[in-house]
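*Asks:* In our numbering, the protein residues as written are 4 to 135.
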Ligand SMILES: [Zn+2]
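1) Using the C-alpha atoms, what's the distance from residue 54 back to residue 27?
2) Taking 7 angstroms as the cut-off, decide whether the C-beta atoms of residue 35 and residue 23 are in contact.
3) Using 7 angstroms as the threshold, is the C-beta distance between residue 97 and residue 106 below it?
4) Grab me the residues of residue 119's own chain with a C-beta within less than 7 angstroms of its C-beta, minus the 5 sequence neighbours each way, in chain order.
5) Leaving out five residues on either side along the sequence, give the residues of the same chain with a beta carbon under 7 angstroms from the beta carbon of residue 110.
6) Can you check DSSP and say which residues form a bridge with residue 48?
7) Here's the rule: buried if 16 or more other CB atoms are within 10 angstroms of the residue's CB, otherwise exposed. What is residue 12?
8) In this structure, how does DSSP classify residue 55 when only helix, strand and coil are distinguished?
9) In three-state terms, what does DSSP make of residue 12?
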């Protein structure tokens, strides 16, 4: 009776266990179903049960997993406030230090200045001696 009943349930997605339950037609037992103890999902036959051992041989590859990360990688190109030097995070609110207003991390701003590793401020205020 040491049959492993560990599953990865297709209904609730959890690592769970199945419980055998007899199926009766009237008073006659006609078979068994397998019930997820976590969510109660019924597997009508043993072939349908996603036993954990079988799922170990997955068809998914590492390449499939990295696709999910690409969604966030694209954010790096955006001019969102979260990447801006003026973006200030408080415990309660996120603010724009330049406009003194409440912003969201995903807001866009015309005065966006990327928060970079180094602050190179040598492109303005050259004294050129023009008349004023
Ligand atoms: Zn389940």
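C-beta: ideal position from N, C-alpha, C; glycine also.
*Replies:* Well, looking at it:
1) The alpha-carbon atoms of residue 27 and residue 54 are separated by roughly 24 angstroms.
2) For residue 35 and residue 23, yes; Cβs fall inside 7 angstroms.
3) Going by C-beta atoms, residue 97 is nearer than 7 angstroms to residue 106.
4) Within the same chain, residue 119 has no close Cβ partners at all.
5) Apart from the 5 residues on each side of it in sequence, residue 110 sits with its Cβ closer than 7 angstroms to the Cβ of 83, 84 in its chain, given in chain order.
6) BP columns for residue 48 are empty, so no partner.
7) So residue 12 ends up on the buried side.
8) In this structure, residue 55 counts as helix in the three-state DSSP scheme.
9) Residue state for residue 12 is assigned as coil, using DSSP reduced to three classes.
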